[in-house]
Structures are given as structure tokens and as C-alpha cells.
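Visitor:
In UniProt numbering, the protein residues as written are 1 to 146.
(1) Cutting at 7 Å between CB atoms, please list the residues of its own chain near residue 122, excluding the five before and the five after it.
(2) Fully enclosed by the stretch 91-134, which beta strand (DSSP E) runs are 3 residues long or longer?
(3) Does residue 13 come out as helix, strand or coil in the three-state DSSP assignment?
(4) Please name the residue, chosen from 40, 15 and 9, that lies closest to residue 130 on a Cα-to-Cα basis.
(5) For residue 44, report the span of its alpha helix (DSSP H) as first-last.
(6) Any idea if residue 65 is buried or exposed, counting beta-carbon neighbours within 10 angstroms, 16 or more meaning buried?
(7) Excluding five sequence neighbours on each side, which residues of the same chain lie with their C-beta closer than 7 Å to the C-beta of residue 43?
(8) Let me know the secondary structure DSSP gives residue 6 once reduced to three states.
(9) With a CB to CB cut of under 6 Å and the five nearest residues on each side skipped, what residues in its chain are close to residue 35?
(10) Check whether the Cβ atoms of residue 50 and residue 90 lie closer than 8 Å to each other.
(11) What does a CB cutoff of less than 7 Å around residue 112 pick up in its chain, not counting 5 residues either side in sequence?
(12) To the nearest angstrom, how far is the alpha carbon of residue 127 from that of residue 95?
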């Protein structure tokens with residue numbers, strides 16, 4: 001396994017553990033509450049962050065994936081167990097995608113949003129994007145009574 005993929009795998013696995021520890025037992029109201037009128041819910045952020053990771057890791061492999069960002073942010077969850085089951089499924093998907101990367105994939109440049117983008121960027125950006133939204137989720141959780 002390439003060192004970058006090994007590091008990304010650890011980041012994704014650590015995030016799953018942290019999310020399980022940080023969101024287990026949270027009330028459905030908290031998971032689906034908007035922190036302010038135009039804000040995103042925890043459920044919506046979870047749907048978005050993992051879908052974006054899927055999109056980015058596929059893009060780095062040169063594979064197109066359809067996305068519906070509005071639906072991601074509109075997602076709701078009936079309880080924390082359902083949310084964490086989604087995290088587990090999505091984590092498994094991201095780990096499987098990351099494991100497909102070869103040294104050639106990481107080094108290859110391809111057009112992405114008008115730029116020649118190296119494959120390693122997709123892996124790094126997927127990880128940073130996941131962690132950015134985890135930070136938002138913790139802030140919502142902590143500001144609304146964890």
C-alpha cells in the first residue's frame with residue numbers, strides 16, 4: 001500500500017471511531033436540527049461529507065460519479081444508530097476506493113474543474129474535507145447540548 005493511502009486509511013478509520021464516540025446516543029432532534037435558519041444539520045453534513053469523499057476518490061481514479069448536493073444536505077436520520085450505520089457503510093466504501101489507488105494513480109495528472117490536478121490531491125482533499133465537516137458537526141453538537 002502506498003504511504004499516502006496508508007495515512008488516508010488511518011485518517012478515515014480514526015474519523016469513524018471519533019464519530020462513533022462523539023455521536024452515539026445523540027437525540028434525533030439534535031441530528032436533524034439546523035443550528036441557524038440556513039445552517040446544515042448533523043445528518044445533512046454526514047451525508048454530504050461521505051458523498052463528497054466518494055466523489056473525490058472516484059474522480060482521482062478518473063471515474064465520474066453523479067451527485068445531488070441538495071439531497072445530501074436535506075438528509076435526515078431517525079436516530080443515532082441509523083446515522084452511525086451510515087457512517088460505517090460510507091467508511092467501508094471510502095476505504096475500498098482508497099485501496100484501489102496505485103502509485104501511478106497518485107502521480108497521474110488529470111483535468112479537474114479546469115485545472116491539471118495530481119491524483120494525490122484527491123486523496124488529501126477527501127480527508128481534509130471529511131475532517132472539516134467533522135469539526136462543524138462537533139461544534140453543532142457541543143453548542144446544542146451534547
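Think of the CB as a built atom: it goes at the ideal place given N, C-alpha and C, for glycine as much as any other residue.
Guide: Let's see:
(1) If you number the chain shown from 1, residue 122 lands on position 122. Correct list, in chain order: 56, 57, 59 and 60.
(2) Annotation note: the stretch 91-134 contains the following uninterrupted beta strand (DSSP E) runs of length 3 or greater, listed N- to C-terminal: 109-112 and 115-118.
(3) Reading the chain shown from its first residue, position 13 is the one you call residue 13. Three-state DSSP puts residue 13 in a helix.
(4) As a working mapping, residue 130 is identified with position 130 in the chain shown. Cα-wise, what sits closest to residue 130 is 15.
(5) For the purposes of this step, residue 44 is taken as the residue at position 44 of the chain shown. Unbroken alpha helix (DSSP H) run through residue 44: 42-60.
(6) By one-based count along the chain shown, residue 65 stands at place 65. Note on residue 65: under 16 other CB atoms within 10 angstroms of its CB, so exposed under the neighbour-count rule.
(7) Your numbering for residue 43 matches position 43 in the chain shown. Cβ neighbours of residue 43 within its own chain (closer than 7 Å, five residues either side excluded): 31, 32, 75, 76, 77 and 83.
(8) Taking the first residue of the chain shown as position 1, residue 6 is located at position 6. In this structure, residue 6 counts as helix in the three-state DSSP scheme.
(9) The residue given as residue 35 occupies position 35 in the chain shown. Beyond the five residues adjoining it in sequence on each side, residue 35 comes within less than 6 Å, by CB distance, of 140 in the same chain, given in chain order.
(10) On the chain shown, residue 50 is found 50 positions in, with the first residue counted as 1. On the chain shown, residue 90 is found 90 positions in, with the first residue counted as 1. Contact: yes.
(11) By 1-based counting over the chain shown, the position of residue 112 is 112. Within the same chain, residue 112 has close Cβ partners 59.
(12) Taking the chain shown and counting its residues from 1, the one referred to as residue 127 is at position 127. Taking the chain shown and counting its residues from 1, the one referred to as residue 95 is at position 95. Rounded to the nearest whole angstrom, the C-alpha separation of residue 127 and residue 95 is 11 Å.
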